Amino acid sequence: MRAILRPFVIHAAYSPIETIVFFSIVGTLAYFHVLSAIKHSAFFATTNPITLRPSHARYMQQEWVNVREHAWYHAKTTVDSSIIPVELQQIVFSLDSVQKSKDAVPGSISLDMSPLPDSVSNMSKFTHDALPTPSGRKYGSLCHRPSISATNSSPSDPPTCFSAITSSPRSFTQTLSFTPGAKEEFMNAFSRFTKSVVDEHGVHFELETREQETIGDMKSSKWVAYAARAFVMRFWDLARKADSLDIILILIGYVLMHATFLILVSRSRQLGSSFWLPSGIVSSSVLALLLSLPIANWLRIPMDPVALSEALPFLVCTVGFDKPIRLARAVFRHPHLTSPVGGASAGGQLKPSGEVILESLTKVYYPIIRDYILEIAVLVVGAYSRVSGLREVCALAALILGLDCLLLCTFLASILCIMIEVHRIRTVRALSTSKTPSVVMADGTPKTASAGKRPGLAQRVSSMVLGVKGSARGKKEEKQADSPVARLKPLLIATFLTLHILNLCAPLTPTRVNTHTVPTSVRKVDITTPEIRHALGALVDAEQVNNAFVDEETSVFVKVYPPIHVRVIPPPQLLAMAIPAPDAAIVHRTTSEMVESFMSSWSRLVGDPLLSKWIVVVLALSISLNGYLLKAIGAGLAGKGPASRSGGVRFTSEDSEGKVAETHEVVIKPAAAPTPRPRPTATFTLDDVDKILKARHLTVPSRPTSPLIDSPTSDSDDSSANDFVRPLEECIEIFENGPRPLSLSLSLLNDEEIILLAQNGKIAAYALEKVLGSEELERAVRIRRALISRSSRIQTLETSDIPMSNYDWSRVIGACCENVVGYIPLPLGIAGPLKVDGVLTPIPMATAEGTLVASTSRGAKALNAGGGVTTVLTQDGMTRGPAIDFPSIVNAAEAKQWIDSPEGFATIKVAFESTSRFAKLKSLKTAMAGRTLYVRFMTATGDAMGMNMISKGTEKGLEVLQKRFPEMVVLALSGNYCTDKKAAAINWIEGRGKSVVAEAVIPGKVVQSVLKTTVEALCNLNTKKNLIGSAMAGSIGGFNAHAANILTAIFLATGQDPAQNVESSNCMTLMEPTNHGQDLLMTVSMPCIEVGTVGGGTVLAPQQAVLELLGVKGAHPTNPGQNAQTLARIIAASVMAGELSLMSALAAGHLVRAHLAHNRSQANTPVGSRPVTPGPNTEHSAQLVPKLLKGLAFSPLTPSSSTSSLPPYSLEKP
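According to this note's numbering, the stretch in the sequence shown is residues 2 to 1215, in order.
Shown next as structure tokens:
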């Protein structure tokens, strides 16, 4: 994915205008395609063409008036002779087809051309006189005959059938009349007869169905109104017949959709943009939708507008805006958004906005692409389901997400690039007038001094609902594992798919749409057309309604049916005469005609109402943006404010050869005379002189540089710029009235200027990380070192060897240390490997004591030769012992009895374990001392060491106890009954943390060859030293040689609390002969190893790397607590290796010799700080010590009677 998107991202970052224009054009074309698809979609085809219904009219008061259908029904069924019902049917013989898809008859042919008049007349007469129905009746027996004939007719003649004829050059209309109910029989026979008829002249008569104007055929914008009406009517019909549960679900979806938009505006406002950022994000998503619809149409994905309207909330929530906001947050929190490269003190230029976009996208690329892939994968599963409706929506949503991912990396990146440039220009323009009482808001807009008044009600409500504008720019970026909430969206999508697959809810299934009646747009026959008006007038004349012989109460009701069209196709010879020659059809158009045709087509194109408004909006935005940029550039070139140091926004122009021709720098602030910082008077001691003399032999003198300048090899211009310090008043002006958040203002100041503010009480030294921002943590440490150094007596911290660079301070601040000025590196060695429970494990040890790693490695070698170390975990529980006071010993005893009871333990256990899913209360031990009750809580804490976890649970348990014994008073959460970081018998007896026992068997040959001693000597020494000697000293848990040495070294390497080595190093080392005295059986018992693999110092990167080396980094994924227990087992086995090696060295007399070789060598012994005055009999101490030791080494030892049975000790190698 990175290789595919990278070229597009680079082009978008460095060519933002071109990218936006390109996607605007593509979006416009997609818009046209979508409009065309909507106009010609099957959704509107079901409601169009428009169906013509019969019209009903009544002749009254000398005019025809439309009446309702029920009036006609009443006239048809009445027996009143004064009411005359008539049905009218028009038959239109025409040369023009009503169906546009058929070939038209040339306009030069008319019905007056032979033989067409005779053919049409014959067809009309045959229809009127001779066309039979299936029952054998003809028109004369079905027609309507006027009730009163003409005055000149004979009473004996029957009334003639009423009919009317009208004609035009290309059409002939015959109107037939029928008695009510007789029309269907005759017209069915006529339809069958005229389906395809050819007379003797070769004239072809063809019955046609009139094709009404559909939405797709409409040329004007009225199709939008018809489409909207059809959509609303269909949706309304569905809403009336839908289940209440479906309506509630859709309503909830729309509420969540609007909440999504509200969250987008709120988060954008926190980043400093209330309009442009959310508008850009929404535009990117809308463009993804526009582009996806034509692609979905090409992929033949069926889309129903009603289903899409129901799925719209799902689509919005699926696409979401969290990923664009994540990218925008990374962009607006970029350390070089408005500050020069290398910090304000380095005097560098601003990083190009394209690089800012690329670096921000690189930072958040993995989580964004991961979320896209997960969501698309879930939607693809839904797209391949067999649930109708769900399948189409999931396919479209997956397509939208894919395009949204592409547009986020291109279109949205271009918009953010433009926003960066605009923001920088606003910042520079505001700072160029920094002497005026103006303030620059978080989004870069200047705010006058009058704006400092109390905000109005609307502003306060906006800040309360949407948050403070720009409040999230200076916040620290969370660098922790993704919250489970981030994975909520794929889970919701999967739940959505499951619900639909199980048919538990189905608001999107099209079956509901298909079962409902589709509302249709209907029209009635227009009785005002010339043909129908002529027929109605002829009917009035035939009925003689206006004649005096007819009663005034007589009424004529007519039902006018839609006309039937019969197409007249002339014979071939007539068509051949009318068709022009083929050469005449070729028209050669001139260039001017082609241009005129193009301009006419373009005029019709932009005449679209929606497109014209879109073009106006785009042009307005383009003019505004270009005008603003030109105005900002002009202001910069005009030189508002004197020239300042480098670090401003640069605009470069290139000549024809591509070389930079001229560079215009937009200044950031007016220059001022430098105010040099007073340097402290140097004081020297003999130690300092000795160090200087020593350094002259080791280093080459170089030009002194300021400790706050990052690059000591910078040129003179840069160094002079870095030495420039503005007056205190100007620094305070920028500090108080500069851009917000405050970190943006401080990024415009160099280190010396921030030190000046801190020395004058504007910035607290402990709050430097907070005010400088999460991206300037190392700068905060550097400035604090300078502050502390300059305020101290020695003033050497600023230039000391304490390192501070190349360290992840974000893991330290707020978690591990405060007021940090650097870090102390320790040598890290690896002993072993040692086989622990069958697994070869390296032993990491951070120590400054020589021989410790080597000695432990020797012990590990001996233990491995015997098969390694076997460990058992006997207990796992951290403790906390609060002290509780009661009014009397009786009350204290009652509380003790209740706590020790099963009821009390169960009650406290429930409250305790409610504070954490890892905290499991295991036991409660109580003890009384007068009126004070001590309760020792012991709990399992998972993979954490657990002090914070158990403290929180203990507070909850004490709240429950307080409710039962309200008179009690909690003196302290820790009453030293735990006991933490102190030697205590209760830890030695009861255990604390992890209680581990380790065992190993070392063959006797290995003891002799590797350890250079014997089994008997080791067992005797262990008894006399570790057991009897420790007992004589009254030791608690100190029955070992040097367990604290190994344990503390591993503690430092793995991020444990070094202070807890007091109780964690409690250890009893036992040795005894086995296998008939040939081999050595060794055990190590450590009842209180307090370790964890999460929290505390384990969050630091080096310590995490060591834990990862051991395979115990972080929490265990399936068995909480297993990683911490494994670490405790490794520590116990490592202590055994160290114990075995040291005891062997003592038994063999190798200890002093080993320390002289590894820990006290002459090369590593530092030279005295003061010179030694030579004398004639003076010997160097490094030469005297070996002589003394040599004399001691050969002094004979006098064995006592108690040791006569033991092998003699010797310093010589056996």
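Beta carbons: idealized from backbone N, C-alpha and C, even for Gly. Keep in mind that this is a model prediction, so the values were computed, not measured.
- Phe913 is the residue among Phe913, Thr1049, Ile528 whose C-alpha sits nearest the C-alpha of phenylalanine 938.
- With a minimum length of 4 residues, the unbroken runs of alpha helix (DSSP H) contained wholly in the region 106–178 fall at 117–130.
- A straight line joining the alpha-carbon of glycine 1035 with that of alanine 1044 spans about 17 Å.
- When the Cα atoms are used, alanine 985 and proline 1121 turn out to be separated by approximately 28 Å.
- Take the alpha-carbon of threonine 875 and the one of serine 996: they are about 5 Å apart.
- The criterion of a C-beta distance shorter than 8 Å is not satisfied by serine 192 and glutamate 207.
- Secondary structure at cysteine 817: coil, using DSSP grouped into helix, strand and coil.
- Looking at Asn189, Ser284, Ile885, the one whose alpha-carbon comes closest to that of leucine 132 is Asn189.
- Ranked by Cα distance from glycine 254, the first of Leu292, Ala398, Ala312, Phe276 is Ala312.
- Looking at the DSSP output, arginine 59 sits in a beta bridge with Val66, Phe558.
- Taking a contact to require three or more Cβ pairs closer than 8 Å, the region 566–576 and the region 72–80 do not qualify as touching.
- The three-state reading of DSSP puts isoleucine 1090 in strand, counting E and B together.
- Two segments are said to touch when three or more pairs of C-beta atoms, one from each, lie closer than 8 Å; by this definition the region 1122–1140 touches the region 862–874.
- Within its own chain, the residues whose Cβ lies closer than 7 Å to the Cβ of alanine 539, once the five positions on either side in sequence are excluded, are Ala165, listed in chain order.
- Take the alpha-carbon of serine 16 and the one of cysteine 410: they are about 13 Å apart.
- For glutamate 88, the enclosing beta strand (DSSP E) covers residues 84–95.
- Using a C-beta cut-off of 8 Å, the region 770–780 makes contact with the region 741–760, since at least three inter-stretch Cβ pairs fall below that distance.
- Taking the C-beta atoms as reference points, alanine 861 is found nearer than 8 Å to alanine 832.
- It is roughly 11 Å from the alpha-carbon of phenylalanine 262 to the alpha-carbon of serine 280.
- Pairing glycine 851 with glycine 931, the inter-Cα distance amounts to about 50 Å.
- DSSP places leucine 1022 inside the alpha helix (DSSP H), whose first and last residues are 1016–1023.
- If you compare the alpha carbons of His337, Ser858, Glu360, Leu362 with that of leucine 351, the shortest gap goes to His337.
- A straight line joining the alpha-carbon of lysine 1013 with that of serine 1145 spans about 7 Å.
- In this chain, phenylalanine 206 is not harboured by any alpha helix (DSSP H); it is covered by the beta strand (DSSP E) spanning 205–209.
- Arginine 786 has its alpha-carbon roughly 47 Å from the corresponding atom of valine 870.
- Here glutamate 1073 carries a strand assignment [DSSP, helix/strand/coil].
- For threonine 848 and proline 1059, the gap between their C-alpha atoms comes out near 12 Å.
- A straight-line Cα-Cα distance of about 41 Å links glutamine 100 and leucine 404.
- Per DSSP, the continuous beta strand (DSSP E) segment holding valine 837 begins and ends at 829–837.
- For methionine 114, the CB contacts under 8 Å within the same chain, skipping 5 residues up- and downstream, are Pro571, Leu575 in chain order.
- In this structure, lysine 324 lies near isoleucine 369, with their beta-carbon atoms less than 8 Å apart.
- With a 10 Å radius around the Cβ and a threshold of 16 neighbouring Cβ atoms, tyrosine 767 comes out exposed.
- Residue range 933–941 is occupied by the beta strand (DSSP E) that includes tyrosine 935.
- Taking the C-beta atoms as reference points, serine 361 is found no nearer than 8 Å to cysteine 418.
- With contact defined as three or more Cβ pairs closer than 8 Å, the region 1077–1093 and the region 1002–1022 are in contact.
- For glutamine 876, the enclosing beta strand (DSSP E) has its first and last residue at 871–881.
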